[in-house]
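> Can you keep this structure in mind? I'll have questions shortly.
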Amino acid sequence: MTGALLDLLLAGAALGAAAWSVAAADDRRALLAFLGYGLLLALAWTRLGAVDVALTEAAIGALSAVLLLGAVARLPAGPAPGAPPPPGPVRRAVAGILCATVSLALMAAILLLPSPAPSLARPAAEGLPALGLGNPVTAVLIGYRALDTLLEKVVLLLALVGVWSLAPDAAWGGRPWAGRPWAGRPWHGAAPDGSLVLLARLLPPIGILLGIHLVWVGAEAPGGTFQGGTVLAAMLLLAAMAGLVELPRTGSRGLRWLLAAGPAVFFAVGLAGYALAGSFLAYPETVAKPLILLIEFALTPSLAVLLALLLAGPAEPPRGAR
Amino acid sequence: MPDPATLAAGTAGGPLLVLALAVPFCGVLAMLVLGGRRAERLAPLLLAACLALSLAIAGTVLGTRAAVVEVIGGWAPPLGLRLRADGLSAALLVTTALVCCAVAAFAWPDLRSPADGPERRAPAVFWLLLVGLWGSLNAAFLGQDLFNLYVALELLTFAAVPLVCLTGSRETIEAALRYLLFALLGSVLYLLGTALLYGAYGTLDIALLRMRVDPSAASLCAAALMTVGLLAKAALFPLHLWLPPAHAGAPAAASALLSALVVKAPIFLIVRLWFDAMPMLLGLPAAQLLGLLGAAAILFGSVLALRQRRLKLLVAYSTVAQIGYLFLVFPLLVGNVQAGSTDAWLGAALQLLSHAFAKAAMFLAAGLIAESLGHDEMARLGPAARAVPFTVLAFGLSGLSLMGLPPSGGFAAKWLLLLAAINGGQWWWALVLLAGGLLTGGYVFLVLSRAMAGGAGTARRLGPGRQAVVLALALASVAMGFVPLGSLGLLEIGRLPGGVP
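From first to last, the protein sequence lines stand for chains A and B.
Count along the first sequence from 1, add 324, and you get the number used in our numbering.
Count along the second sequence from 1, add 47, and you get the number used in our numbering.
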């Protein structure tokens with residue numbers, strides 16, 4: 325009974341947050357409602373027993389919060405000069421009707437889905453011993469559908485190159501955030517906000533441990549590369565925001581190695597699968613778990629740095645050069 | 048009908064499919080690490096390797112007269128993933144390879160970092176994304192699982208969007224942002240449909256879906272969502288708004304890739320979805336609707352092309368129109384099944400391939416003309432024919448193919464579509480085809496007559512190298528008319544049995 329009540333409350337709150345983020349008068353409020361909506365969704369996933377999804381939702385929510393808050397801070401308060409006028413009532417009505425139709429059709433389709441739903445849970449669980457894993461989600465990500473995961477890492481890399489490509493020509497290869505007032509003086513803690521510096525000194529040791537732990541337990545329990553990598557990325561960003569460390573130069577050979585190493589190890593293990601087990605991304609049963617851990621631990625630093633740099637944006641001209 | 052045993056079995060040559068992904072993507076990693084001039088020097092080697100792989104795959108498909116299949120990791124569907132190259136995929140792989148190589152040859156002389164200086168932004172991004180784009184297209188042509196294909200679509204988006212704003216100007220960044228928003232909306236809709244299908248049928252493998260899908264609320268909803276999402280990415284009228292500024296604003300080499308290849312991948316996936324994954328859902332109403340949108344794109348795109356004041360925008364609107372032809376395959380195939388005719392299928396496939404060559408040639412030609420004149424305003428094209436004669440000739444030849452004049456590839460394509468329309472008793476599509484041809488002739492002749500008018504204005508003469516590349520592409524689009532694709536039977540190999548009802 326209390327469970328049902330809690331679910332009802334959660335669903336209502338999520339819907340309310342979603343509606344608020346659409347209806348809010350200004351960008352900042354809309355954003356806050358949207359972030360709240362993400363948190364409520366993470367709770368909803370936990371209630372549904374999908375802890376992996378909840379962790380990912382929370383991780384993505386945290387990262388997009390940094391990104392969106394940064395974007396909102398840069399936007400002018402009113403409408404931008406030269407921006408097209410907001411849509412009139414007719415266009416709004418048409419858009420609303422279209423959205424409502426799609427939502428209703430989706431609801432109908434979901435309610436009419438077969439019950440119990442056809443599921444691959446059993447074959448996914450049956451394959452676990454062959455991979456030496458206990459967490460079926462990790463088995464899907466690094467085992468059965470490893471090709472998807474591998475290609476997703478390439479997607480992220482291409483996206484990072486796309487973000488970098490927005491740098492001014494003169495700044496290419498330079499550091500993101502090089503234009504900030506405290507840039508170039510790491511460890512001086514010259515950030516405007518003293519509490520941020522304190523936080524950036526206290527949190528990272530715990531965060532780094534937590535990140536590595538999440539990757540390590542991913543084989544048996546909810547967690548894994550993405551969740552762990554997100555926590556590590558957040559720690560790097562926190563320290564960089566507080567001015568304690570500088571983000572690496574995007575042109576640095578070391579950084580490029582770090583970014584490429586994870587996917588390269590994944591490809592190498594995948595191709596070695598032809599020799600070891602007869603096909604791409606196949607793991608011989610005896611060494612499946614060590615190979616999977618190798619992939620996960622190689623991917624984690626690459627992913628953490630990649631995510632942090634995706635959020636940090638393109639290289640900027642140094643402060644004096646503006 | 049595939050049983051579990053056949054789904055678990057790969058074929059000879061299967062590892063080639065894995066290499067068609069691994070070589071370009073490992074190449075991207077290597078180029079990232081090497082950086083600068085060394086990365087740019089690696090690119091031609093990678094392109095040559097990818098070209099060889101594509102030819103080898105097509106050779107295997109033709110040689111064995113069967114699709115090439117590879118099961119990844121030994122996990123058969125529905126749990127695992129397969130890659131598969133049938134005749135159409137093989138033809139697209141080879142076309143992609145040839146166009147990418149031609150574009151690379153075109154870009155090579157100019158788009159480079161200085162020999163002794165540091166890495167420069169535009170060349171570094173262009174070469175890395177060129178190789179990445181090629182791998183992404185291969186992934187879209189080889190995937191057999193709807194979620195795997197979603198990943199391919201994402202790869203494609205993130206490889207293509209930055210190419211739009213390579214020059215870094217305000218207008219191109221705006222165009223790139225609009226393209227990104229359309230592409231992401233398309234991705235979300237596609238993903239929603241994928242999730243619905245998994246919930247209803249417990250698999251995302253195309254061959255398994257083909258056996259399991261029935262006309263239920265979930266499958267109809269999924270089909271509609273995924274089709275609309277893919278249409279947004281393919282820029283079919285009325286979802287074409289993002290295309291002209293994006294394709295016209297990019298540097299010529301990038302426009303050629305975007306217009307010739309990138310928009311073809313979502314169209315290919317629509318074909319996979321409707322003809323391979325759920326043919327039983329493709330009734331006459333849905334097919335006629337897709338055909339109607341295609342017809343509207345042909346007429347609307349061509350008329351707008353006629354009215355453009357800038358050459359590159361004209362070429363971009365021509366892409367909007369030429370994409371429309373591909374969608375005529377839906378009503379023509381569904382209406383023509385009794386006759387057992389493959390005319391419509393062959394015609395659409397030929398249009399897909401010959402437009403790739405013709406449009407790449409046209410965009411590169413437009414780029415050279417703009418470089419020679421210093422602008423691409425239609426009213427002042429006069430001195431172009433004297434300054435860059437081979438380029439104008441190439442523009443004319445590729446126009447021949449777009450108009451559908453013999454002996455070009457476009458002629459063969461449009462002739463087959465016309466035959467299918469008349470034999471199937473759907474004469475109204477024939478009218479659209481003829482009107483589209485006339486309008487296309489209008490804008491191609493408009494450009495040619497302006498370019499040959501002579502007159503005042505300065506024009507820089509350009510060397511023969513890049514002009515030769517453009518001419519070769521245009522000749523390829525004409526030569527497609529001589530490739531006996533029908534009698535080779537390549538495009539029929541590996542098509543799933545059963546067909547549309």
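Quick reminder that beta carbons are idealized off the backbone N, C-alpha and C, glycines included.
1. Going by DSSP, name the residue or residues bridged to R507 of chain B.
2. Given this structure, state the Cα-to-Cα distance separating P453 of chain B from S136 of chain B, to the nearest angstrom.
3. Would G398 of chain B and L380 of chain B qualify as a contact pair, given that the criterion is a beta-carbon distance under 7 angstroms?
4. Applying the 10 Å Cβ sphere with the 16-neighbour rule, what's the burial state of V208 of chain B?
5. Would you call the region 376 to 390 of chain A in contact with the region 537 to 548 of chain A, where contact means no fewer than 3 C-beta pairs closer than 8 angstroms?
6. Could one say the Cβ of A206 of chain B lies closer than 7 angstroms to chain A's Cβ atoms, at least one of them?
7. So, L304 of chain B versus V150 of chain B, is the Cβ gap smaller than 7 angstroms?
8. What three-state label does DSSP hand P500 of chain A in the structure shown?
9. Indicate the three-state DSSP secondary structure (helix, strand or coil) for V530 of chain B in the structure shown.
10. Any idea what DSSP makes of L130 of chain B, helix, strand or coil?
11. Distance cutoff 7 angstroms, beta carbons only. Does C147 of chain B sit that close to anything in chain A?
12. Which bits of chain B does P587 of chain A rub up against, with CB to CB less than 8 angstroms?
13. Counting beta carbon pairs with one atom in the region 549 to 569 of chain A and one in the region 518 to 536 of chain A, are three or more of them shorter than 8 angstroms?
14. By Cβ distance, which residues of its chain are closer than 7 angstroms to W174 of chain B, with the 5 residues on each side in sequence left out?
15. Quick one: does L243 of chain B have its CB under 7 angstroms from some CB of chain A?
16. Which of the three DSSP states, helix, strand or coil, is assigned to G83 of chain B?
17. At the level of alpha carbons, what is the spacing between G412 of chain A and A526 of chain B?
18. Indicate whether at least one CB of chain B lies closer than 7 angstroms to the CB of A494 of chain A.
19. Say whether the region 143 to 160 of chain B touches the region 266 to 283 of chain B, bearing in mind that this needs 3 or more beta-carbon pairs closer than 8 angstroms, one atom from each stretch.
20. Going straight from the alpha carbon of L337 of chain B to that of G330 of chain B, what length do you get?
21. Quick one, which residues of the region 606 to 640 of chain A are near chain B if we go by CB-CB under 7 angstroms, in chain order?
22. Is there contact between the region 481 to 501 of chain A and the region 151 to 168 of chain B, where contact requires at least three CB pairs shorter than 8 angstroms?
23. Among residues of its own chain, excluding the 5 on either side of A405 of chain B, which ones have a beta-carbon nearer than 6 angstroms to its beta-carbon?
24. Rounded to whole angstroms, what's the CA-CA distance from V418 of chain A to E218 of chain B? Just pull it up for me.
25. Classify V516 of chain B as buried or exposed, calling it buried when 16 or more other Cβ atoms lie within 10 Å of its own Cβ.
26. Determine which residues of the region 222 to 252 of chain B have a Cβ less than 8 angstroms from any Cβ of chain A, and write them out in chain order.
27. Can you grab the Cα-Cα spacing for the pair R646 of chain A / H287 of chain B, in whole Å?
28. Which chain A residues are close to L176 of chain B, counting only those with a beta carbon under 9 angstroms from its beta carbon?
29. Taking just the CA atoms, how far does T250 of chain B sit from A324 of chain B?
30. Suppose you measure from the CA of G127 of chain B to the CA of L465 of chain A; what does that come to, to the nearest Å?
31. Count the other CB atoms, across all protein chains shown, that sit within 10 Å of the CB of M431 of chain A; report buried if there are 16 or more and exposed otherwise.
32. Any idea what DSSP makes of D252 of chain B, helix, strand or coil?
33. Around the C-beta of W475 of chain B, are 16 or more other C-beta atoms found within 10 angstroms, so that it is buried, or is it exposed?
34. Could you check if D608 of chain B is buried or exposed, using at least 16 other CB atoms within 10 Å of its CB as the buried criterion?
35. Does the Cβ of D331 of chain A have 16 or more other Cβ atoms within 10 Å, making it buried, or fewer, making it exposed?
36. Tell me which residues of the region 362 to 376 of chain A have at least one Cβ-Cβ distance to chain B shorter than 9 angstroms, keeping chain order.
This is what the structure holds:
1. According to DSSP, which records beta bridges pairwise, R507 of chain B is partnered with nothing at all.
2. 26 angstroms
3. With the sequence shown as reference, residue 398 of chain B is identified as Gln, and Gly is not the correct amino acid for it. Annotated as distal: Q398 of chain B and L380 of chain B, with beta-carbon spacing of 7 angstroms or more.
4. V208 of chain B is buried by the Cβ-count criterion.
5. yes
6. yes
7. yes
8. strand
9. coil
10. strand
11. Closer than 7 angstroms: no.
12. F72, L76
13. yes
14. M78, A86, E87, A90
15. yes
16. helix
17. 51 angstroms
18. A494 of chain A does not count as touching chain B.
19. no
20. 11 angstroms
21. A606
22. yes
23. S445, S448, L449, S524
24. 29 angstroms
25. buried
26. L239, L243, G246, A247, Y248, G249, T250
27. Note that R646 of chain A scores a pLDDT of 47, beneath 50, so its modelled location is shaky; the value from the coordinates is reported in the next line. Those two C-alpha atoms are separated by around 39 angstroms.
28. Per Cβ cutoff of 9 angstroms: L482, V485, G486, S489.
29. 11 angstroms
30. 11 angstroms
31. Classified as exposed, M431 of chain A has fewer than 16 neighbouring CB atoms from the shown chains inside 10 Å of its CB.
32. D252 of chain B carries a strand assignment under DSSP once its states are collapsed to helix, strand and coil.
33. exposed
34. Outside the modelled stretch of chain B, which goes from 48 to 548, sits residue 608 of chain B, for which no answer is possible.
35. The residue in question, D331 of chain A, is exposed, as its Cβ has fewer than 16 Cβ neighbours within 10 Å.
36. none
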